[in-house]
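Below is one structure; the comments refer to it alone.
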Amino acid sequence: MAVAQSMMDLVFENASANGAKKITRIDVAVGNLSGVAADSLSFCFDALKSGTIADGALLAIDEIIATAKCPACAEEFRVGPHDFLCAKCGGPISPNGGRELSVKSIEVE
Ligand SMILES: [Zn+2]
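Residue numbers for the sequence shown follow this note's numbering, so the first one is 1283 and each next one is one higher.
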């Protein structure tokens, strides 16, 4: 997965800039509208980290669920990738959040 690869590149760049010998933990944020599934990201990380300084690092995925407040009826609800309409009145909505896809922090030794 190209996304996992570019996240990993970022992690390695950061680690080497900080003179790290070992990466122990990687925190990432993944929105539910980002088009990336947390479990497949986790799978790719496992494959990419083996044999590197991140071998054995814990990947902590913060899954961010998009929400929306309907402008017509004020209903608040969670938004999935295929939700474009208010669950209550059927009016158009625009989601808040859910498109996050980033490395939040890394812990190194
Ligand atoms: Zn509504």
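Just so you know, even glycine gets a beta-carbon here, dropped at the ideal spot from N, CA and C.
- In the structure shown, valine 1385 falls within a strand segment according to DSSP collapsed to helix, strand and coil.
- Note that the segment 1320 to 1338 does not touch the segment 1355 to 1374; fewer than 3 beta-carbon pairs, one per stretch, sit closer than 8 Å.
- Unbroken alpha helix (DSSP H) stretches of 4 residues or longer found wholly inside the segment 1321 to 1373: none.
- The segment 1283 to 1294 makes contact with the segment 1308 to 1328, as at least three CB pairs between them are under 8 Å.
- In the three-state scheme derived from DSSP, where H, G and I count as helix and E and B as strand, asparagine 1300 is classed as coil.
- When only Cα atoms are considered, leucine 1315 and valine 1390 end up about 30 Å apart.
- Looking only at Pro1377, Ser1332, Lys1331, Ile1388, the smallest Cα-Cα distance to cysteine 1352 is reached by Pro1377.
- Excluding residues up to 5 positions away in sequence, Ala1342, Lys1386, Ser1387 lie with their Cβ nearer than 6 Å to the Cβ of aspartate 1309 in the same chain.
- CA-CA distance, alanine 1348 to glycine 1373, rounds to 17 Å.
- Here alanine 1350 has Val1361, Ile1375, Pro1377 as same chain residues with Cβ atoms under 6 Å from its own Cβ, once five neighbours each way along the sequence are excluded.
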